[in-house]
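Positions in the sequence shown are counted from 1; adding 178 to them yields our numbering.
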Amino acid sequence: MSVDSGSAGMAARLGIKPGMVVQELGWDEDADEDLRDSIVEVSGSEMVDEDTDEVADVVVLWWREDDGDLFDALTDALTSLADEGVVWLLVPKSGRPGHVEPGDVTEVAPTAGLQQTSSISAAKEWSGIRLVTPKAARSRR
C-alpha cells in the first residue's frame, strides 16, 4: 500500500524516520488508520506491540479518558523505550469522545518520569503530546 506524501507527513511530524522501531500501545478501533499507515510506511516496518523484545525509538500510546490509569500506561510505555526515545501520547481532541484534559497529562507525566515538550494535531481526531525522559530532553539542547 502506498501512502501519499501528505499522509507520510503525518509520521514525519512525530519524528518518525526510516529504520526506527515504533511500538504501538492502546490501539482500538477508533485509532487513526491513516496515521498508523504513515508510521509503517515511513519507518519501513510494522509497529511492534507490548510483547516485543526490541528497544523502541518511539512509543505511540493511544489513550482515552476511560482507558484506566494514565500513570500505569506511561510507565508501561517506558519499558521498551530507548534512552533517547520519545513517547507520543495520542488523545482524542477536545469535544471528541474520550477526550483527556491537558492538566491530567501535565499532572501525571512527571510522576511517571516523563516531561512534556510539545503538542501537535497528530490526526483529524487526535492530538499528540510529546513526552521524553528529562535526560533525553537535556541531551537535545
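Cβ coordinates follow ideal geometry from the N, Cα and C atoms, glycine included.
> Among residues of its own chain, excluding the 5 on either side of A189, which ones have a beta-carbon nearer than 6 Å to its beta-carbon?
Replying inline: S216, I217, V220
> Mind checking E285: buried by the 16 CB within 10 Å criterion, or exposed?
Replying inline: exposed
> Does the stretch 200-207 come within contact of the stretch 223-238, defined as at least 3 CB pairs closer than 8 Å?
Replying inline: yes
> Apart from the five residues on each side of it in sequence, which residues of its chain come closer than 6 Å, Cβ to Cβ, to A287?
Replying inline: Closer than 6 Å at Cβ, skipping near neighbours: Q294, L309.
> According to DSSP, what are the bridge partners of V269?
Replying inline: S305
>> Do A234 and S258 count as a contact pair if the criterion is CB distance below 8 Å?
In response: yes
> Cβ-heavy atom distance between E262 and the ligand MG below 7 Å?
Replying inline: As presented, the structure is devoid of all ligands, the ligand MG included, so that no description of it is given.
> Contact check, L252 vs A300 under 8 Å by CB: the rounded distance?
Replying inline: Incorrect: roughly 17 Å between the Cβ atoms, too far for contact.
> Run through DSSP, which three-state label would V278 get?
Replying inline: coil
>> So, with DSSP's three-state summary, where would you put V237?
In response: strand
>> Taking 8 Å as the threshold (C-beta atoms), are D282 and L248 in contact?
In response: yes
> Under three-state DSSP, which class holds L292?
Replying inline: coil
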